[in-house]
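Residue numbers (our numbering): 20 to 89.
Next comes the structure, spelled out in structure tokens:
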């Protein structure tokens, strides 16, 4: 696997995870338990933030590699 393939694969997996995370939010309300809802929403937010970190690092890696080709 090349670096570009790895980047693409990771990006696709992050997108899949993000789409699945969006399905969690609407279901949380049906739990009808504030402490549980709060904990789940907090954890979901943290996961979303971490996915953004991964995506940002991949973009930085791509830009670094693109600039070295000049």
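Quick reminder that beta carbons are idealized off the backbone N, C-alpha and C, glycines included. All values derive from a computational prediction rather than experimental measurement.
**Q.** Pairwise C-alpha distance: residue 60 and residue 34
**A.** 19 Å
Q) According to the Cβ coordinates, are residue 36 and residue 70 closer than 8 Å? A) yes
Q.
Does residue 40 come out as helix, strand or coil in the three-state DSSP assignment?
A. helix
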